[in-house]
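Chemist:
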Amino acid sequence: MMDFAGDSRDPTATEEWSRRSRQLYVETDNLLDNGTLWIGRRYYYDKAVGSVHILDYKHMQSSGNGVGVSDITVNETDKLHLAAITYGGEGELTGNKATADTNYQNFMADVRYEMDVGDAGKVVFALQNLFINDAIDETGLTDGRTFTVQWQKQLGNVDQKTVIQYGTGAMAQNPGAAGTDGGSFDYAADSSSSGFRIFNNGLIDITEKFKLDYMVMYEKSSDYHTLKSVGVRPHYSISPHWSVLGELGYNAYQTKTNGIENDEQTLMKYALALQATADSTEYWSRPSLRFYLSNFDWNKAAGQESGLSVAGKEGDESALVAGAQVEIWF
Numbered sequence: 534m535m536d537f538a539g540d541s542r543d544p545t546a547t548e549e550w551s552r553r554s555r556q557l558y559v560e561t562d563n564l565l566d567n568g569t570l571w572i573g574r575r576y577y578y579d580k581a582v583g584s585v586h587i588l589d590y591k592h593m594q595s596s597g598n599g600v601g602v603s604d605i606t607v608n609e610t611d612k613l614h615l616a617a618i619t620y621g622g623e624g625e626l627t628g629n630k631a632t633a634d635t636n637y638q639n640f641m642a643d644v645r646y647e648m649d650v651g652d653a654g655k656v657v658f659a660l661q662n663l664f665i666n667d668a669i670d671e672t673g674l675t676d677g678r679t680f681t682v683q684w685q686k687q688l689g690n691v692d693q694k695t696v697i698q699y700g701t702g703a704m705a706q707n708p709g710a711a712g713t714d715g716g717s718f719d720y721a722a723d724s725s726s727s728g729f730r731i732f733n734n735g736l737i738d739i740t741e742k743f744k745l746d747y748m749v750m751y752e753k754s755s756d757y758h759t760l761k762s763v764g765v766r767p768h769y770s771i772s773p774h775w776s777v778l779g780e781l782g783y784n785a786y787q788t789k790t791n792g793i794e795n796d797e798q799t800l801m802k803y804a805l806a807l808q809a810t811a812d813s814t815e816y817w818s819r820p821s822l823r824f825y826l827s828n829f830d831w832n833k834a835a836g837q838e839s840g841l842s843v844a845g846k847e848g849d850e851s852a853l854v855a856g857a858q859v860e861i862w863f
């Protein structure tokens, strides 16, 4: 899988288009007696745990260059997935250990175990263990790890999952490296830093025509921030190919600087969209052609942090956005 990168937002930009390999790996089902062997560069996030669609959010992200064995059958119902991922970089990093020149290489050991618990659903136990090797910084950078437990079960007409994640060290700020390409580690973190995330996400099948996607999340880290987030996305079919989508979302985000809490940043989102798909009664039907109108409201702290307003001056605290999009990946 290749892509071309460039700044399409700036018509006068001089940046040349660059080519990147998103995925380039091989796998075989027959080389091993049990499991699938793979080697190369790949996305490695939704294996066994899936994602949070309403946020376009991968809560376990270990993508990169590596090797692994997936779908190892442990018994008739359970599976084990093993992966070793590497990626590195160089430059300057800032954090609790101050600025340091670095030339680092990451090694991520990723272990995920799927357990069928019968009528109680399915439980996934996972560990991401991050090791850092730095060739320049003699003081060393901080390793990190994340423990994830996920429970998934159909409860009546609600297809839901509940996830708890606990991160330490370089993964305390963002347990699981969630919502990123795998490069969100704070290498300069204090080794005693910790953070956790808990969320519930699901799809409620109310009627044949009416569905409701939802998410509730709480996240807190000892040295970094507190996040509270909730969102709902109703979906209603109005004809065989057309449906109406709505969305209501709220975020409250409070960061810390040197242990002192900053002003809380809040953001509200209201959206309405008209959508065309092959089957409008199926929430996951793709591709979808979507025409949307979204309104965003935020407070002064959020505006200053994002650069939409300047401290001591009045700035915009709302925006109305309209557009069209094609959604293929989900």
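When we follow this note's numbering, the leftmost residue of the sequence shown carries the number 534, and every step to the right adds one.
We put the CB at the ideal spot given by N, CA and C, even for glycine.
These numbers were taken from a predicted model, which means no experiment stands behind them.
#1: Measuring CB to CB, does residue 577 end up less than 8 Å from residue 554?
#2: Sorted by chain position, which residues of the same chain lie with C-beta nearer than 8 Å to residue 565's C-beta, five sequence neighbours on each side aside?
#3: At what residues does the alpha helix (DSSP H) containing residue 833 begin and finish?
#4: Here's a check: name, in chain order, each residue in its chain whose Cβ is nearer than 7 Å to the Cβ of residue 824, leaving out the five neighbours to either side.
#5: Within 10 angstroms of its Cβ, does residue 556 collect 16 or more other Cβ (buried), or is it exposed?
#6: Just curious, the beta strand (DSSP E) that residue 750 is in, first and last residue?
#7: Let me make sure I understand the geometry here. Which of 758, 662, 685, 689 has the alpha-carbon closest to that of residue 676?
#8: Tell me, please, which residues DSSP counts as bridged to residue 718.
#9: In this structure, how does DSSP classify residue 565 when only helix, strand and coil are distinguished?
#10: Apply the 10 Å Cβ neighbour rule to residue 687 and answer buried if 16 or more other Cβ atoms are within range, or exposed otherwise.
#11: Among all the DSSP beta bridges, which residues are the ones paired with residue 560?
#12: For residue 507, count neighbouring C-beta atoms within 10 Å of its own C-beta (all shown protein chains included) and say buried if the count is 16 or more, exposed if not.
#13: Indicate the three-state DSSP secondary structure (helix, strand or coil) for residue 728 in the structure shown.
#14: How long is the line joining the alpha carbons of residue 770 and residue 619, rounded to whole angstroms?
#15: Going along the chain, which residues of its own chain have a beta-carbon closer than 6 Å to the beta-carbon of residue 710, five neighbours each way excluded?
#16: Since residue 736 and residue 746 should fall inside the 8 Å C-beta cutoff, what is the C-beta to C-beta distance between them, to a whole number of angstroms?
#17: Report yes if the C-beta distance between residue 730 and residue 750 is below 8 Å; otherwise report no.
#18: Spatial neighbours of residue 584 within its chain, please: CB distance less than 8 Å, with the 5 preceding and 5 following residues excluded, ordered by chain position.
#19: Below 8 Å CB to CB, which residues in the same chain sit around residue 789 once its five sequence neighbours on both sides are set aside?
Modeler: On the basis of the coordinates in this document:
#1: No, Cβ-Cβ distance for residue 577 and residue 554 is not below 8 Å.
#2: Same-chain partners within the cutoff: 602.
#3: Looking at the DSSP string, the run of the alpha helix (DSSP H) that includes residue 833 is 833-839.
#4: The answer, listed in chain order, is 806, 807, 857.
#5: Its Cβ having fewer than 16 others within 10 Å, residue 556 is exposed.
#6: Start and end: 743-754.
#7: It is 662.
#8: Residue 718 pairs with nothing; no bridge assigned.
#9: Coil, per DSSP.
#10: Exposed, because fewer than 16 other Cβ atoms sit within 10 Å of the Cβ of residue 687.
#11: DSSP links residue 560 through a beta bridge to 571.
#12: Here the chain comprises residues numbered 534 to 863, so residue 507 is not present and cannot be evaluated.
#13: It is a strand residue.
#14: C-alpha of residue 770 to C-alpha of residue 619: approximately 45 Å in a straight line.
#15: Taken in chain order, the residues that qualify are 594, 717.
#16: 5 Å between Cβ atoms; contact.
#17: With contacts defined by Cβ atoms closer than 8 Å, residue 730 and residue 750 form a contacting pair.
#18: Taken in chain order, the residues that qualify are 578, 590, 591, 592.
#19: The beta carbon of residue 789 sits closer than 8 Å to those of 756, 757, 758, 795, all from its chain and outside the five residues before and after it, given in chain order.
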